[in-house]
Structure formats: structure tokens, C-alpha cells
Amino acid sequence: MLGISSILLLASLCASSATAQSNNDDNLGLQNGYLNLTTKNFDLKLVRDAGVLVSLKPRGDAFDFLPYDYLPYRARNGQYHWGDITYRYREANGNERWIDGDSAAARKPVRGTANDHDAALASSVLGPTLPSDSPLNVTRRWTEVPGGDLGLRFTIRNSAPVAVELGSLGFPTEFNSIFTGRPAAEMAAVCSLSDPYIGMHAGHIRVAPTKGNGPALVITPLVFGGDNNNTTSSSSNTTPMEAYRNLVEGHYDEQTAYGSQTFEGLYEWQVLTKAWAENEWSAVEPWNTPSSRVLQPGEALEFGLRFSVAKGACGTWIRSFVGVPGYIIPQGSSADLYLQSTADIKTITASPLGALTATQQSEGKYSVAPASSAWGRARLSIQYSDGKLQTVHYYLTKPGTEAVADLGRFSTTDQWFNDTSDPFGRAPSVMTYDYEAKRIVTQDPRAWVAGLSDEGGAGSFLAAAMKQAIRPDADEITKLESFVDGVLWKTIQTADFSVRKSIFYYEPGKMPGYQYNPSFDWSVWWSWNKQASYAIDRAYDYVHVAATYWALYRVARAYPALTRSHQWDFYLNQAYQTIMRSMKSDVGYNRVGLMGETVFGEILADLKREGQTSKASSLEQSMRSRATQWNSEEVPFGSEMAWDSTGQEGSTALKTVNSVLGFMPAVPHWGWNGNARRYWDNIYGGKLQRIERQIHHYGSGLNSLVLLSAFRSNPSDTYLLRVGYAGVSGPLSSIHADGFASASFHSWPDTLKWDGYSGDYGPNFVGLALGSGTYVVDMGDGEGGIGLTAFGGSLTVESGGKVTVTTSDPVKRRVFIGPLGVLLNVDAGIISEFSYEAGGSISVTLSQLSGVPKADAAVLWIETPSSSANYTVTTPGLQKIRGGWKVSLSTDVTVRISPA
């Protein structure tokens, strides 16, 4: 993320508030007032002059999905609102020049129009606020559609004597995601978060309050005619979401700080994109095939969107779809796709051709399998008999265990820095890597990126170490032990377990023989000198170090022959002491949630298992005091940022789970499904530095731990599993075919690629390591009649009711049987298969993982987070040890477990 001194930047961003001086450039015409309108389901306000929507509340509710309170600062030209329109057109005669139209660029009062089309709440001709020479006449209507929802309807007519090609058409979207100047409690009370499904005619936008509960909103294509339930109209009268384009507004509105950490910015529902694909996006493979429409002289097209209060009835207006376990599929595995539609499915095609195969299993159920060598982005295009097209987006990876192995190999070879002449003492270590340049990042103006600390610098060695905890490799462990002794416990940490913010710094006077790159700007605030880099006051940095020690403790305990420098007790003590040092008063942010601190719970559990009761008691007391504080706070998710989505791990209280659900959606798109809202960390850890919605940055993996924990406590809430499993799968998609792992994927349609830096990927892998497993769940009728299924495994049910599951997740050491409420864990080898019967008896088969060193034995732990029953091992001859049972791994062994 960033160092403490960056708080000065945030202070300058957040200093302004909604009570500051209003914007004097009132191009919207606020001085002429509003139209206050209602439908059965909404209360709304339109600006009288501009006709745009500026307030939208569920009928009788005080919650506003739009930033009406900040409207005085969003009234200038170039600032977008619902009801605006952008387009590009050209004569349909081969002329290659596209001409822009934008209703917000130079506002003029729009003209009201007679209600000659249908009953409308308000109707306007947009000609005055569009380019005067445009051949396109645009009429906008706000309507109440059947059922009481709000409709936004555009009619676009070609008034030219020649045919016109419409190559871009977009509808700007606006929600109250402005955190600037708002205290935490106000932000939680009034702001909302939005996520798109870029799925063509099934596309929609899901809007949730930041607090994660209360009224929600869904925006879907509006259908003209019939019953308006998306079942009767031809495809020419619908509004597909072909792309979701980021909008550029002026950076002059200091009151809202558009395009900053406190206000991500706005996006646009893009219906047509050919004009962009031929220009700004020409080097990119878009989410969907770009298209345009040709209007003959006098011809008109209609498009529109529908606003609905989402109360579990979203499927009434959009096609119902559920992917199990999600949309990231490893080679050799398959996923199920459940589709419900009133229209028949005509064809399902894959892009790239042959990358995916969709095989119908039963009515509405399809098995989706990748080709054996397919890797990367893939798409299914589903054509319905009513002319509509839906796209479902997948990401294909290597088999999970193989991808994890590749990560370990790449990080300890290509990313292995062994220049012992380095004056900063960084060798030997796993360092940040520039995949585009194919070299280790030894210098960066952001000191921590090249300095082996913070998320952006510690991420690489953290991932390499955590990988050993789930898939050990002798050579990699030898290298990591040399890193511990030569760098981590020598320079990154001090003798009292303090953790420095960076061991690289910019101070030429103290490095006379070192050549700093003259092309870099070393004057920026983050080019720390030695004193600033060596500061020990950032609690986040301690988590990565503690997790690294814990991973090596797990290796030394389960595979003692693989660690040669130290035994297990050294690494466990290092982890414990690092946590306790982070809680002292000279370390900042230790009273807020710390990303990755789920590992603190693992360390605590292992201290108890090892009988180190005094240390366990001290650690538990320290953690409990923080939790007690958070439970008393309305919004206990603070961090060094003004708003954050990684402070939630320390607690699983209901408000915490709701908070995570507010920014992690379930979407039929690998990029947004389980993707935690993050949009600033490429500034601090990425190669391409900009404010931009990041796909599967470390928020995905870490926040999934909150949801998966909540699911294990309440296995009837299958939505928690769907989103949580999607989040914990995100880090797998980041691992390239050769093992490089990127910090995040760039979502803007002009880029759509993985970032070039490994950066802060490490915390994401922590989520994968601690959360991946095989989860059995009964999805029953509530999820389209899916019934009993396994996330991360292949499930079969015998005629007598016995359920057998073969595991396929990347870790294969964690199993949760939802119908029984039982969680099983092992510390070595793998759980290759398990079965259970109605009476509650369980059989679990432990095996060695191929391609890794053999473990003599494993410890099997049993927990019952959602069951009142106690379970115990009934296989005779097994020794109880460290709170579990010791199981020999000389051969594959099946252990019997039964209710006590």
C-alpha cells in the first residue's frame, strides 16, 4: 500500500467538505430548480434545465443512491450524470473519421417535448446540449415502467440525407461513491458501491450500500413493449452492455477529488464500441466483440435502462445464472453453469475457438471445461431464441497445484537476487520483478518497491514463503532460509523484532559509489532517505514478516528434514515476537485491521497446539483488546487510507461480513466475481500507476477469508460461499503460465492486461493459502435447484446416499462438509478424497502430493464451526498430538471420523 508519510497526501484530498464554497459554474442550471417525481418504487429529482437525474431514493426511504448532497460541486460542464449521453458517428460511406457527441461537454437547457410517444414523467429533446451540426436527433424520456420501476429511454434518429454509422453509444452512470470529506460513519450511512456485469443483453450494474445491507439497486436493459420483463422484444430494442468505460472528468473539483483514493470516478454503460476499438482500444482484446449500428436517413433506434430496487427479485428482470464454483477454471477441471431463461438457448460458442466446451447436463445445466492447453481469458457467447446475446467470461489456469509450483520456482529463480555486493544488503532475497522488462526491480522511486518491505516490496518473498507452507520444495526452502539469515533477520528486522519500512533508500551522500538511475524522479515524497526507510512505525509491514516465519514453521514442523538453518520452534518464536513487537506504542496503525492478519490466528492456534500457553495468552490478550475496540465502533475498518477494503479480517461480526459483501459481488465474469473493490494500489505497488478499478488485487484473496469463515459458521448461506470462493480463486488467475504472479489486472478497456510488476501480490497469495479448500454445500432450491455440490472438488452421490468427493483445489489440505458442519485440516501431504454418510460418519483419505518431498506423517485437525456435535477419529492406533491426530503417510491411508 503506502508508507505513513503519505497520509499528508490524503489529508490534502480530504480537507474539503460538502460545506465548502459551492461551485460557481452552474452549467446544470441548479438555480432554476428541480422536478420532484415519484414512481411506485422510487422518489427522484431531475434538474429542470438539464433533465438529468440527481437524486434516486427507494420510495419512502432516506437513502440516496446518488450524490445529491455534493451536487453543487458537480454542476460544471464535463461532469456526468444519469441521463447524459455520449456517442461517436460517421457517414456510412467508408469515411474513417469518427465525430464525437457529448451532452455534458457544453451544457445548454434542453427542450421539453410533447408526450407523443408514451406516458412519461419527463421528456426532452437534447439538441441544444449536443453539437449543433450533429445529424443525430436525440430524445430522452424518464418513464415509470410496469411494476413501478424507473425507466430511462433514448430515441436516436438520423436526420441526415445519408446513412450514418453509430460507432459508440454510452450512458454515463453516477452513484454516491464520493468518500471525500466524509467521516467514516457518514460514508457508511450515505455512500454506495457499484459493480458491472459486462455481459451484453444480460449485462447489468449492481449497486450496494457501503455498509452492505439496506436497499440495493440493479440497473438492467430496458425492454420496450410487452410486459417489460425482458421476454418479448426483439434484439434491436434492447441495450446490451458491450463495455464499461471509465469517464474522464476535470480534476479541478477539489471538493470531490475526482479520480483519487477518496473518489474513484465514474463509468459509462457502453452499448456500442467499434469507434473506440478502432482507436484508443486498438491494441486490446475487448471483453465483447465491438459493434456499430447503421441508421438510414430518417431511421430511429431506441435504447434504455431500467432502475429497480433489488430485493432478491433481480432474476425477474435479468437472466438468472449461477456458476459453480465460479469462472476461474484450472485445466483438468470443469465448472457448472446454470442458466434460467424464458427463451430457448440456440447456440453456445467459445472464444477463442476451442478454448472451452459447454456440454448440457440437464435442463438449464451445462458443464464447462477448458481445453487441455487453454490458458488465459475465454468467453462463452450464449445466443437465445429471442435474439438476445449473453456473454459469460472465464479465466483458464494451469491445474491449481501446478500453478502454485510454478510460482515457487519462478520466485526463487527469476526473482532471486543474489548480488552480494549490493550496498543495501538485499542479497540473497526474492525481490519485486518487472515482467515486461524481464528483470528484478533493483531501483524504484517508491523506496519500498525495491526495498523488501511494505506490500509492494515484501510481496514477492511473502508469496514464496507461503507457497512452502502448502507445497514445500527443498531447494526453494534452502534459499528462503538463506534469505532469513542473510536479509530478513539481519537487515529488514532489528534485534528487537522491529520491521523497517524499506532497506532501499535514496540518499546519494551516504551511497557515493552507487549509481541511482538518473531517469527517475527522486524528488517525490516516497523516495525516502535512510532515516525514513529505516523507520519501524508501520504495523502492516510486520504482518508479512510474521507470515513468512509462520510458513517456515509449518514446513519445519511437518517436513523437518527440509529446514537446516533452524528448527520449528525458532520460526514460531520469530513469528510470535514479530506480532508482539508490532503492538507496541511506537508502531502506527496497530489498532486497525491489518491485511493478512488472519495468519495471526494461525500463529495463535499453533502456539496453543505446541503447549506454549504463556505466549498464546499474551498474543490472545493483545488481539482481544483490538477486537473489543472494533466491536464498539460503528465503522471499525480504518487504515492509513481514507477508505479501505482490507481492514475487515480481524473480526467476523455481522457488520464486517456485510461490509465485505458491499464491495465483493457475484458476477458471471471472472474479473468481477469475488473481486474486492480496490482502485488505488497500483499507485503504490504497480508498474502502470493510476487510479483504476483493479481486478483481483490482494483484496480478493484476503476478504474471501472473512466470507469463507462466515460461511463455515452458517453453511445455509450459500451466497457467502459463492463470493468467498470466487475471491480465494482470484490469486490463482494472477499466476502466469511460467509462474510469474502479477499484482493485479487492469480493468480499463484501453488496457485489459496484467500489471507488469509482481508488486503486492504476496498478500493475495496469503488468502489463497489460508482459504483454499474443498467445500461441500447443499444449494437446494434457493440457487436454482442446484442441490448438493462441491466447490473445489468433484462430487458423486451413491444410491445409498453416501457422498464421495475428490479434491481439486490448489491446496488440498482443507475440507469443509457443510451438511455436517465439519472442518478438516492437515499440515502435510494432502486430502485426496473424502466421503460421508447421512449418519455423520466420515472417511478421509490422506496421501502424498506428487512432485514434492514426502512427509513421514500428518496431523489431522477436526473443527465443528457450525455443528453442536463433537467429532472424533475412530480409526484405532492413531496418536493424539498437538490438538489433532498423527497419521502416518508411509502409504495412502483412510481415517474414519464419527460423531462422539
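In mature numbering (1 follows the signal peptide of the UniProt record, and there is no 0), the protein residues as written are -20 to -1, 1 to 880. Built from N, CA and C at the ideal position, the CB exists for glycine as well. Here the structure is a predicted model, which means the values were calculated and not measured.
Check	Outcome
Pick from 782, 790, 801, 423 that is closest to residue 816, judged by C-alpha positions	782
Residues that DSSP places opposite residue 362 in a beta bridge	328, 370
Nearest-angstrom Cβ-Cβ length linking residue 223 and residue 268, presumed shorter than 8 Å	7 Å
Where residue 391 sits in the DSSP three-state scheme	helix
Beta-carbon contacts of residue 519 that lie in its chain and below 7 Å, excluding the five residues immediately before and after	562, 567, 568, 569, 570, 574
Straight-line Cα distance separating residue 176 from residue 438	32 Å
Cβ neighbours of residue 38 in the same chain (closer than 6 Å, five flanking residues each side left out)	195, 289
Touching by the beta-carbon criterion (3+ pairs, under 8 Å), the region 592 to 603 and the region 636 to 645	no
Identity of the residue in 311, 60, 243 nearest residue 87 by Cα	60
Beta-carbon gap between residue 375 and residue 623 smaller than 8 Å	no
Boundaries (first-last residue) of the alpha helix (DSSP H) holding residue 483	Premise fails: residue 483 is in no alpha helix (DSSP H) and is neither H nor E.
Segments assigned beta strand (DSSP E), at least 3 residues, entirely inside the region 76 to 102	79 to 82
Beta-carbon proximity check, residue 409 vs residue 397, cutoff 8 Å	yes
Beta-carbon proximity list for residue 542, same chain, < 7 Å, skipping 5 on both sides	452, 454, 457, 535, 833
Counterpart residues of residue 773 in DSSP-defined beta bridges	787
Residue range of the alpha helix (DSSP H) that includes residue 524	519 to 538
Span separating the alpha-carbon of residue 884 from that of residue 865	Nothing about residue 884 can be read from this structure; the chain reaches only from -20 to 880.
Close-in-space but distant-in-sequence residues of the same chain around residue 349 (CB under 6 Å, 5 per side omitted)	314, 337
CB of residue 58 within 8 Å of CB of residue 29, strictly	no
Between the CA atoms of residue 523 and residue 890 - distance to the nearest angstrom	Because the chain in this structure spans residues -20 to 880, residue 890 falls outside the shown range and cannot be described.
Buried or exposed by the 16-neighbour rule on C-beta atoms within 10 Å, applied to residue 780	exposed
Closest residue to residue 685 among 537, 698, 703 (Cα-Cα distance)	703
Residue 397 (DSSP reduced to helix, strand or coil)	strand
Simplified DSSP assignment, three categories, for residue 354	coil
Reference residue 531; option with closest CA among 749, 760, 663, 818	749
Residue 586 in three-state terms, based on DSSP	helix
Other residues of its chain near residue 494: CB distance less than 8 Å, five sequence neighbours each side excluded	403, 488
Reference residue 326, options 283, 370, 284, 188, closest by Cα	370
Three-state secondary structure assigned by DSSP to residue 448	helix
Nonlocal neighbours in the same chain, by C-beta distance under 6 Å from residue 463, ignoring five residues either side	408, 409
Check whether residue 755 and residue 798 have beta carbons under 8 Å apart	yes
Residue 859 - containing beta strand (DSSP E), residue span	859 to 861
N- and C-terminal bounds of the alpha helix (DSSP H) containing residue 700	698 to 713
Same chain, Cβ closer than 8 Å to residue 497, five either side skipped, listed in chain order	423
Residue 459 (DSSP reduced to helix, strand or coil)	helix
Nearest to residue 199 (by Cα), restricted to the options 775, 93, 239, 152	152
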